[in-house]
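Report on the following structure.
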Amino acid sequence: MKFNQLSPQLYTTQLQQSVDFYVNVLGFYCAAFVPAYNWARVQRGGADIMLCLPNQHTAFEKPIFTGSFYINTTGIDALWETLKDKVQVCYGIENFAYGMREFAIYDNNGYLLQFGEEIPDQP
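One point on numbering: in our numbering, the residue at position 31 of the sequence shown is 32, and numbering is uninterrupted.
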């Protein structure tokens, strides 16, 4: 058995605004948008996120998630410079002892997105 890919599905009552945030602010592209199903998919590189209003089998009042979505990237400093004044920042860019340079922001629904790049070995 093989797991092929993880594609989180984030619940939102603001489908168009969520697509706009991921496309216009984070540089994703909208791979699919189906208003009749209150569903969309945004992608950038290996990051694949579905956005939707949950179906009637799921209780939903507002977006909540007790973790974060961690996106491994390259060019972390340039990404930080592009985003820092356009988003709500959780913490700014910094190096961590576990070998990652990262920062964290909130999307338009309040979901926590962390972006990180491995720090190259230092001589």
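We put the CB at the ideal spot given by N, CA and C, even for glycine.
Beta-carbon gap between residue i and residue j smaller than 8 Å
i	j	result
residue 31	residue 43	yes
residue 72	residue 101	no
residue 94	residue 78	yes
Buried/exposed call for residue i, threshold 16 Cβ in 10 Å
i	result
residue 7	exposed
residue 33	exposed
residue 13	buried
Which residues DSSP lists as bridging residue i, in chain order
i	result
residue 106	90, 114
residue 27	Answer by DSSP bridge pairing: none, since residue 27 is not bridged.
Straight-line Cα distance separating residue j from residue i
i	j	result
residue 86	residue 17	22 Å
residue 38	residue 111	22 Å
residue 115	residue 91	9 Å
residue 69	residue 118	16 Å
Extent of the continuous alpha helix (DSSP H) run through residue i
i	result
residue 79	77-84
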